[in-house]
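Asks: Residue numbers for the sequence shown follow UniProt numbering, beginning at 1 and rising by one.
All C-beta atoms in this analysis are idealised placements derived from N, C-alpha and C, irrespective of residue type, glycine included.
In this text, all values refer to a predicted model and were calculated from it rather than measured experimentally.
The following block contains the structure, expressed as structure tokens.
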Amino acid sequence: MFSAPSEPNSASPSSSSSSVAVQSAGNVHKIKFCQWCGGPAKHEIPNGEEKIRAICTLCGKIAYQNPKMVVGCLIEHDKKILLCKRNIEPSYGLWTLPAGYLEIGESAAEGAIRETWEEAGAEVEVVSPFAQLDIPLIGQTYVIFLAKLKKPLFSPGPESSECCLFELDNIPFDSLAFSSIFVTLNLYIEDVKSGKIKFHYGTINKRLGTGPSDIRAFTLDYHLQV
């Protein structure tokens, strides 16, 4: 498998129930004030729960944090893949698939189509889901769809400095923006070589302390393919 294994971490948390009980949910300690009434937040484990939460000291409401969904398209055209060079941070100047956060009121496929238009100026038709990749460390889930161009036209949007079709042998793996893109493209190439495109699910476990551009600092776990 292509994934770069993480080094063993002797400081990894114990699996005992006591260690589980004191885990924080996400960046809960960054929540200082209630989003509903503006009251100051305290950080403790609510009754009946196992994780530290931000709780308003005035109205008592709990701020639950949930992962964000990133949606995008892997666009096939003439046996090439469309990539965008990022014009924003993080990973400025590195290559990625057109993708971004899902908005309220749209389906995952609709969001992927929108993001492709915004970042690559391309009108696409979604063909099938290709991969769901969870990244627990940063609270994100990537959903990537296979898609095809409705017209052979594309151009960089405000968040991209360049868009280009790459042959599979020429994909710039040393200049990719994120581990999720690294994994997605490798899975696609493996499928093409095997003669069968599959649907993939996996968990990308990033090495603690690594940044977004440390794209090989991970393990791909629970990899399922259909």
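Using 10 angstroms around the beta-carbon of E76, count the other beta-carbons present and answer buried if the total reaches 16, otherwise exposed.
Replies: Taking the sequence shown and counting its residues from 1, one reaches residue 76 at position 76. With 16 or more Cβ atoms within 10 Å of its Cβ, E76 is classed as buried.
Asks: If I'm right that V127 touches I113 with Cβ under 8 Å, what's the distance once you round it to whole angstroms?
Replies: Looking up residue 127 in the sequence shown gives position 127. Looking up residue 113 in the sequence shown gives position 113. Not quite, the Cβ-Cβ distance comes to about 12 Å (not below 8 Å), so this is no contact.
Asks: Taking only the alpha-carbon atoms, compute the straight-line gap between S179 and I215 and give it to the nearest angstrom.
Replies: Start at 1 with the first residue of the sequence shown, and residue 179 comes out as number 179. Start at 1 with the first residue of the sequence shown, and residue 215 comes out as number 215. Taking the straight line joining both Cα atoms gives about 4 Å.
Asks: Tell me the rounded alpha-carbon separation between L74 and Q132.
Replies: Looking up residue 74 in the sequence shown gives position 74. Looking up residue 132 in the sequence shown gives position 132. Approximately 12 Å, taken between the alpha carbons.
Asks: I need the straight-line Cα distance from D174 to Q35, nearest angstrom please.
Replies: Taking the first residue of the sequence shown as position 1, residue 174 is located at position 174. Taking the first residue of the sequence shown as position 1, residue 35 is located at position 35. Each residue's alpha carbon lies about 41 Å from the other.
Asks: Rounded to the nearest angstrom, what separates I62 and H200 at their Cα positions?
Replies: The residue labelled residue 62 in the question sits at position 62 within the sequence shown. The residue labelled residue 200 in the question sits at position 200 within the sequence shown. Going by the C-alpha atoms only, they are around 35 Å apart.
Asks: Just how far apart, CA to CA, sit T219 and L58?
Replies: Position 219 of the sequence shown, counting from 1, holds the residue named residue 219. Position 58 of the sequence shown, counting from 1, holds the residue named residue 58. Rounded to whole angstroms, T219 to L58 spans 43 Å at the Cα level.
Asks: Where does K148 land, buried or exposed, given buried means 16+ other C-beta within 10 angstroms?
Replies: In the sequence shown, the residue the question calls residue 148 occupies position 148. K148 comes out exposed.
Asks: Please tell me whether P212 and S91 are closer than 8 Å, where the distance is taken between their beta carbons.
Replies: Taking the first residue of the sequence shown as 1, we reach residue 212 at position 212. Taking the first residue of the sequence shown as 1, we reach residue 91 at position 91. Yes, they are a contact pair.
Asks: Report yes if the CB atom of G100 is closer than 8 Å to the CB atom of V70, and no otherwise.
Replies: Taking the sequence shown and counting its residues from 1, the one referred to as residue 100 is at position 100. Taking the sequence shown and counting its residues from 1, the one referred to as residue 70 is at position 70. Contact: yes.
Asks: Opposite V124 in the DSSP bridges: which residues?
Replies: In the sequence shown, counting from the first residue as 1, residue 124 sits at position 124. Answer by DSSP bridge pairing, in chain order: L149.
Asks: Helix, strand or coil for A21? Go by DSSP, reduced to three states.
Replies: On the sequence shown, residue 21 is found 21 positions in, with the first residue counted as 1. In this predicted model, A21 has a pLDDT of only 38, less than 50, meaning its place in the structure is not dependable enough to derive any value.
Asks: DSSP on P212, reduced to helix/strand/coil?
Replies: Translated into the one-based positions of the sequence shown, residue 212 becomes position 212. Reduced to three states, the DSSP call for P212 is coil.
Asks: For the structure I just gave you, are there three or more beta carbon pairs, one from the stretch 147–163 and one from the stretch 79–91, closer than 8 Å?
Replies: yes
Asks: Under the three-state reduction of DSSP, which class applies to P40: helix, strand or coil?
Replies: In the sequence shown, residue 40 corresponds to position 40, counting from 1. Residue state, collapsed to three classes: strand.
Asks: Would DSSP call P136 helix, strand or coil?
Replies: Against the sequence shown, residue 136 aligns to sequence position 136. The answer is helix: DSSP assigns P136 an H, G or I state.
Asks: In this structure, how does DSSP classify S161 when only helix, strand and coil are distinguished?
Replies: Taking the sequence shown and counting its residues from 1, one reaches residue 161 at position 161. Here S161 sits in strand by DSSP.
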